[in-house]
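Quick note: the sequence shown uses our numbering, first residue 1, plus one each step. Heads up, the beta-carbon is just placed ideally off N, CA and C, and yes, glycines get one too. Owing to the predicted nature of the structure, the values given are computational and were not obtained by experimental measurement. Down below is the structure, laid out as structure tokens.
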Amino acid sequence: MAQKKVFLGEEFLPKQWYNLNADFPSPMPPPLNPGTGEPPDPGFVEHMGNIFPMNLVEQEMTPERWIDIPEEVLGVYKIWRPTPLYRADGLEKLLDAPVKIYFKNEGVSPPGSHKPNTAVAQAYYNKAFGIERITTETGAGQWGSALAFACQLFDIECMVYMVKVSFMQKPYRRLMMMTWGSNCVPSPTDTTEAGRKVLAADPDSPGSLGIAISEAVEMALARDDTRYSLGSVLNHVLLHQTVIGQEAKLQFDALGEYPDVVIGCAGGGSNFAGLAFPFVADKIAGKEVQIIAAEPLSCPTMTKGPYAYDFGDNNQMTPLLPMHTLGHDFVPAPIHAGGLRYHGMAPMVSHGVNIGLIEPRAYDQIATFEAGVNFARCEGFISAPETNHAIAAVIDAANQAKEEGKEKTILFNWSGHGLVDLAAYDDYISNKLTRYELPEEEIDRALRALEGLPKLG
Ligand SMILES: Cc1ncc(COP(=O)(O)O)c(C=O)c1O
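Here is the structure:
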């Protein structure tokens with residue numbers, strides 16, 4: 001009988017985070033100061049230090065390949081890390097393809113996803129810098145609940161702006177945040193300039209991650225003891241997640257195997273990067289491994305969005321980031337995978353796509369729920385709607401292996417459980433879900449939003 005799972009002892013918890021920036025074969029374009037259109041100067045770095053604590057700004061820009069994980073962070077990671085690697089032999093049987101399928105179970109963390117890997121690190125660095133209050137945005141509520149959990153452990157106040165459509169769909173995430181002692185409000189609110197501007201144009205705005213980010217950044221800049229925290233996209237966030245891929249490599253070593261295909265779903269890119277980047281490093285060094293990032297057809301940042309300089313938020317308060325983007329004014333369709341409804345993709349992931357290291361794929365939400373329900377029926381675990389995009393890509397890769405008659409080992413990131421997302425499953429099971437594909441006109445709108453901004457390359 002096949003080995004079902006691989007556990008690692010606490011002594012195998014990675015002691016460093018990995019920074020892919022040190023190994024890219026061609027350097028990633030720098031972020032730009034929106035005021036000058038130039039790479040960061042000292043004034044710009046100081047401005048960033050008003051948004052994030054300076055120790056994280058430094059980590060954001062570091063060229064170092066390895067960054068030591070502080071003892072205090074390791075101590076908290078031990079609550080749920082190392083996470084188990086599972087063999088999805090039930091899914092293999094269902095697909096009847098010549099594949100072995102493995103997944104890294106990030107759903108075992110207290111908030112139920114990969115998000116606390118960076119939330120805990122960010123709460124620690126804020127505390128170390130003397131910050132007393134953190135603001136953030138959240139889509140599905142996974143990030144907000146992860147940060148609420150982390151802030152509670154490091155005794156920091158936490159204020160979460162939750163995208164309104166998700167706030168309505170997912171009351172239990174809000175209750176988790178409140179249980180961990182945080183405050184959570186539906187965005188757009190009328191308490192910030194950014195929120196009031198959106199509400200004036202559309203009083204029924206469903207909100208978006210871009211708008212919620214604007215609100216959270218504005219509130220962080222309003223108080224000296226407050227900083228903002230982002231759950232994805234930025235370099236430091238992605239590197240905090242690399243414990244996932246490092247553990248997976250040790251678990252594959254224990255099995256005496258190596259994956260042919262590595263897959264993750266991608267909203268801002270963090271869980272995908274966390275699993276994939278240590279394998280991308282091997283690919284750069286010559287190893288043959290296919291790396292796939294799965295996104296929604298309704299928010300096809302990598303598959304349809306241009307690679308360009310754009311703002312990370314709706315209100316143009318962030319630096320200009322080199323990324324695949326649907327434009328900072330993009331308001332995505334209200335699909336259930338709230339965490340994948342973001343207009344941009346992490347600069348590191350975008351660069352990887354642009355230089356051919358990473359292959360993007362897009363899936364409709366109905367196909368992803370079908371994949372998730374099939375997975376739940378043969379593996380037991382009920383996935384987060386975001387995670388279902390990775391499972392849809394796994395099924396595609398398995399079917400492709402079958403067509404090609406090739407044996408393959410597939411590894412994917414099971415980024416979170418869906419036990420707080422059952423309303424979404426209810427909509428799928430009762431045939432209430434609609435297919436959303438981004439209309440072509442939306443790409444023209446994205447290009448208009450990018451007009452006047454510095455161009456890449
Ligand atoms: C379970 C889960 N997976 C994936 C994502 C997508 O985010 P990222 O691309 O940063 O991993 C989210 C975001 O909320 C999430 O909650």
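Reduced DSSP category for Cys265 - H, G, I as helix; E, B as strand; rest coil
strand
According to DSSP, simplified to helix, strand and coil, what is Ala337?
coil
Between the C-alpha atoms of Arg377 and Ala140, what's the straight-line distance to the nearest angstrom?
24 Å
Which residues mark the beginning and the end of the beta strand (DSSP E) in which Ser187 is found?
Asn183 to Ser187
Between Ala337 and Pro385, which are expected to be in contact by the criterion C-beta below 8 Å, what is the C-beta distance as a whole number of angstroms?
Indeed they touch by this definition, with Cβ atoms about 4 Å apart.
7 Å Cβ shell around Pro296 - same chain, five flanking residues per side excluded
For Pro296, where only same-chain residues beyond five positions count, the Cβ hits under 7 Å are Ile335, Ala337, Leu340, Ala362, Tyr363, Gln365 and His389.
Start and end of the beta strand (DSSP E) containing Val163?
Glu157 to Val163
Less than 8 Å between the CB atoms is what I'm expecting for Met178 and Gly144, so what's the real figure, rounded?
Not confirmed; about 10 Å, so no contact.
For His343, which of helix, strand or coil comes out of DSSP?
In this structure, His343 counts as coil in the three-state DSSP scheme.
Sequence-distant residues of its chain with Cβ nearer than 7 Å to Gly245 (five each side left out)
Gly274, Leu275, Ala276, Phe277, Pro278 and Phe279
Under 8 Å: do the segment 92–106 and the segment 122–135 share three or more Cβ pairs, one atom per stretch?
no
What do you reckon, is the C-beta of Lys115 under 7 Å from a heavy atom of ligand 1?
yes
For Glu71 and Leu13, the rounded distance between their alpha carbons:
11 Å
Three CB pairs or more closer than 8 Å across the segment 429–440 and the segment 387–405:
no
Identify, in the order they occur along the chain, each residue of the same chain with its Cβ nearer than 7 Å to the Cβ of Phe44, setting aside the five sequence neighbours on each side.
Counting only Cβ-Cβ distances below 7 Å, and skipping sequence neighbours, we find Asn33.
Close Cβ partners of Ala458 (< 8 Å) along its chain, the five nearest in sequence each way excluded:
Nothing in the structure corresponds to residue 458, since the chain is present only between 1 and 457.
Taking the C-alpha atoms as reference points, what is the distance between Gly210 and Asp396?
31 Å
Own chain, CB closer than 6 Å to Asp469, minus 5 neighbours either side, in chain order
Absent from the structure is residue 469, since the part of the chain shown begins at 1 and ends at 457.
Please state whether the Cβ-Cβ distance between Met28 and Met345 is less than 8 Å.
no
Between the alpha carbons of Gly47 and Ser166, how many angstroms are there, rounded?
The question names Gly, but residue 47 in the sequence shown is His. C-alpha of His47 to C-alpha of Ser166: approximately 31 Å in a straight line.
Hey, would you say the C-beta of Leu297 is under 7 Å away from at least one heavy atom of ligand 1?
no
Report the residue from Gly35, Leu153 and Val57 whose alpha carbon sits nearest the alpha carbon of Asp75.
It should be noted that the sequence gives Gly, not Asp, for residue 75. The option with the nearest alpha carbon to Gly75 is Leu153.
Any chance you could list the beta strand (DSSP E) runs of at least 3 consecutive residues sitting entirely within the segment 383–421, in chain order?
Qualifying beta strand (DSSP E) stretches, in chain order: 408–414.
Quick one: which unbroken alpha helix (DSSP H) runs of 4-plus residues sit fully inside the segment 91–135? Chain order, please.
116–128
Give me the Cβ distance between Ile291 and Glu359, rounded to the nearest whole Å; I'm assuming they're in contact under 8 Å.
With a beta-carbon spacing of about 7 Å, Ile291 and Glu359 fall inside the 8 Å limit used to define contacts.
Give me the DSSP bridge partner(s) of Thr138.
Met162
So does Cys184 have its beta carbon nearer than 7 Å to some heavy atom of ligand 1?
no
Output the boundary residues of the alpha helix (DSSP H) element that contains Leu368.
The residue asked about is misnamed: residue 368 is Thr in this sequence, not Leu. Counting along the chain, the alpha helix (DSSP H) containing Thr368 begins and ends at Gln365 to Glu379.
Is the beta carbon of Trp17 within less than 7 Å of some heavy atom of ligand 2?
Ligand 2 is not part of this structure, which contains only ligand 1.
Below 8 Å, can you find three or more Cβ-Cβ pairs linking the segment 106–114 to the segment 73–89?
yes
Whole angstroms is fine: what's the gap from Ser208's alpha carbon to Ala2's?
For Ser208 and Ala2, the distance between alpha carbons rounds to 44 Å.
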